[in-house]
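J.: Residue numbers (UniProt numbering), protein chains in the order written: chain L, 1 to 195; chain V, 1 to 195.
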DNA sequence: GTCTATAGAGAGATAGAC
DNA sequence: GTCTATCTCTCTATAGAC
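(1) Can you give the Cα-Cα distance for residue 49 of chain V and residue 195 of chain V, rounded to whole angstroms?
(2) Apart from the five residues just before and just after residue 102 of chain V, which ones in its own chain have a Cβ nearer than 7 Å to its Cβ?
(3) Anything in the stretch 107-135 of chain V with a Cβ closer than 8 Å to a Cβ of chain L? List those residues in chain order, please.
(4) Closer than 9 Å between beta carbons: that is the criterion. Which residues of the stretch 165-184 of chain L meet it against chain V?
(5) I'd like to check one pair, residue 122 of chain L with residue 114 of chain L: are the Cβ atoms closer than 9 Å?
(6) Taking only beta-carbon atoms, is residue 190 of chain V less than 9 Å away from chain L?
(7) Is the distance from the Cβ of residue 112 of chain L to the Cβ of residue 28 of chain V below 9 Å?
(8) So, residue 143 of chain L versus residue 82 of chain L, is the Cβ gap smaller than 9 Å?
(9) Counting only runs of 4+ residues fully inside the UniProt domain "HTH tetR-type" (10-70) of chain L, write out the alpha helix (DSSP H) ranges in chain order.
(10) Mind listing the chain V neighbours of residue 187 of chain L? Cutoff is C-beta to C-beta under 8 Å, in chain order.
(11) Rounded C-beta distance between residue 193 of chain L and residue 147 of chain L? I'm assuming under 8 Å.
(12) Helix, strand or coil, according to DSSP, for residue 146 of chain L in the structure here?
(13) Could you please tell me which residues of the stretch 137-149 of chain L, in chain order, have their CB closer than 9 Å to any CB of chain V?
(14) What are the residues in the stretch 41-61 of chain L lying within 7 Å of chain V by C-beta distance?
(15) Does the beta carbon of residue 34 of chain V sit closer than 9 Å to a beta carbon anywhere in chain L?
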C-alpha cells in the first residue's frame with residue numbers, strides 16, 4: 001500500500017519542475033498558484049518549498065536549464081562551408097524547439113516575470129546562442145558567399161522566423177517536420193545568399 | 001480649481017484604456033490589478049467599472065481594437081505586380097507595428113488570458129490579416145514570379161520574421177527604421193523569389 | 001461619475017506536528 | 001519530506017453615499 005507521506009525527494013523534485021513547466025506554459029506564470037502546482041504533483045502546497053525557495057526561483061531554474069541545454073546541444077563545425085553550417089543550424093533549431101514547445105513558450109512569454117538579476121542571466125545565455133548564428137552568417141559574408149547588409153539584424157530575423165514554427169506546428173498536422181524544415185531552409189538559404 | 005469628483009467620462013474612458021494598455025504590456029495582464037490601473041488614471045478602483053464591465057472585457061477591447069485598426073490600415077492593390085504588392089506589405093507591416101509596440105506586445109502575449117469566445121474573435125481577425133499576405137504570395141506563385149513550396153507556411157514565416165522587429169527595434173538606436181525595412185525587404189524578397 | 005467601504009475569494013510563504 | 005493550519009496580504013467586483 002502506497003504511503004501518502006514520507007521521503008520522495010528524488011521523484012518529487014522532477015515532478016515539481018515538470019508540473020510547473022506545463023502549468024506555466026498553459027496558463028502563464030502569474031496565473032498559476034503554488035497550490036495548483038502542488039495539486040498537479042500530488043502534494044500539499046507547503047511541501048513545494050522543500051524544492052524551491054520561492055515561485056520566482058522555480059521559474060528562473062526552468063528558463064536557465066532550457067537555455068543551457070540549448071547551448072549544450074548545438075555544436076557548430078567551423079570546418080564546414082558557411083552554407084552547410086547554416087543548414088545545420090536551421091535543422092537543429094527547428095528540431096530542438098519543436099521537441100520542447102513548453103520550454104520555448106515560457107522562455108519567450110515569462111521573461112518579464114523574472115527579477116532583474118535573473119532576467120540578465122537568462123538574456124546572457126540567449127545572447128550566446130544568437131552569437132553562434134551571427135558567427136556563421138559573418139563567415140559567409142566574409143567569404144562572399146552571403147549577401148547580408150547587417151549580420152546582427154539577419155541573425156534576429158532568421159531566429160524569429162525559425163522560432164515562429166512553434167506557434168503553429170503540431171505533430172500529426174498537414175506537414176511533417178521534415179517538410180517544414182525543408183521549406184524553411186529553402187527560404188533562409190535564399191534570403192542570405194548572394195545573387 | 002480642478003474638481004476631484006464629478007463627470008469626466010469623455011476623458012476618463014480613453015485614459016483607462018491607455019493606462020491598461022501600458023501596464024498590461026509592461027507587467028502582464030495577470031500581474032496588473034484594477035487598483036494599479038485606477039492609480040495610473042487618477043481615480044479609485046471602483047470608478048473603472050463605469051467604463052468596463054470587468055477586467056477581461058478591458059483586455060478584449062484593447063486587442064480587438066488593435067486588430068481592427070490593423071485591418072483597416074492595410075489596403076492591398078491587386079493591380080500591382082506581386083513583387084510590388086509584397087514590398088508594400090513588408091513596408092506597411094514593419095511601420096505599423098513599430099508605431100504600436102505595446103499593442104503588438106499584448107496581442108501576442110495575452111491571447112491566452114482571453115476567454116474562449118473572445119480568443120476566437122481575435123483569432124479570426126488575425127487570420128484575416130494573414131490571408132491578405134497569403135493572397136499576395138499565391139498570386140506571385142501562380143504567376144511564376146515566386147518560388148514557394150507552401151504559401152501558408154511562407155505567410156507565417158514572413159510574418160514571424162517581420163513582427164520580430166518589435167522585440168529589438170528602438171527609435172534612436174543604431175539603425176533607422178528605413179534601414180531596417182530595407183534589409184528586411186531584401187531578405188523577404190530573396191526568400192520567395194524564383195531562381 | 002466618483003468616492004469610501006467592504007464582501008468574499010485566493011494568493012505566497014511559514015510553523016510545527018508527525 | 002509531507003502534512004495541516006494559518007498569517008498576512010492582495011485581488012475583483014459590488015453597494016450605497018454624494
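For glycine and all other residues, C-beta sits at the position ideal for the given N, C-alpha and C.
T.: On the basis of the supplied data:
(1) As a working note, residue 49 of chain V is residue 49 in the second chain. As a working note, residue 195 of chain V is residue 195 in the second chain. Just so you know, the alpha carbons of residue 49 of chain V and residue 195 of chain V end up roughly 59 Å apart.
(2) Here residue 102 of chain V refers to the residue found at position 102 when the second chain is read from its first residue. Leaving aside the five residues that flank residue 102 of chain V on each side, the residues in its chain whose CB is nearer than 7 Å to its CB run, in chain order, 21, 22 and 25.
(3) Considering only beta carbons, the part of the stretch 107-135 of chain V lying closer than 8 Å to chain L consists of 109, 112 and 113, in chain order.
(4) Listed in sequence order: 165, 167, 168, 174, 175, 179, 180, 182, 183 and 184.
(5) As a position in the first chain, residue 114 of chain L is number 114, starting the count at 1. As a position in the first chain, residue 122 of chain L is number 122, starting the count at 1. Closer than 9 Å, so yes.
(6) By one-based count along the second chain, residue 190 of chain V stands at place 190. It does; some Cβ of chain L falls within 9 Å.
(7) For the purposes of this step, residue 112 of chain L is taken as the residue at position 112 of the first chain. For the purposes of this step, residue 28 of chain V is taken as the residue at position 28 of the second chain. Cβ distance < 9 Å, so residue 112 of chain L and residue 28 of chain V count as in contact.
(8) Taking the first chain and counting its residues from 1, one reaches residue 143 of chain L at position 143. Taking the first chain and counting its residues from 1, one reaches residue 82 of chain L at position 82. For residue 143 of chain L and residue 82 of chain L, yes; Cβs fall inside 9 Å.
(9) Correct list: 34-41.
(10) Counting from one through the first chain, the residue named residue 187 of chain L turns up at place 187. Within 8 Å Cβ-Cβ: 154, 157, 191 and 192.
(11) Counting from one through the first chain, the residue named residue 193 of chain L turns up at place 193. Counting from one through the first chain, the residue named residue 147 of chain L turns up at place 147. Between residue 147 of chain L and residue 193 of chain L the Cβ distance is about 7 Å, and since that is below 8 Å, they are a contact.
(12) Translated into the one-based positions of the first chain, residue 146 of chain L becomes position 146. Residue 146 of chain L: strand per DSSP, three-state reduction.
(13) Those would be 147, 148 and 149, in chain order.
(14) Residues are counted here when their Cβ sits less than 7 Å from a Cβ of chain V; for the stretch 41-61 of chain L the count is zero.
(15) Your numbering for residue 34 of chain V matches position 34 in the second chain. Using a Cβ-Cβ cut-off of 9 Å, residue 34 of chain V does not count as an interface residue toward chain L, since no Cβ of chain L sits closer than that to its own.
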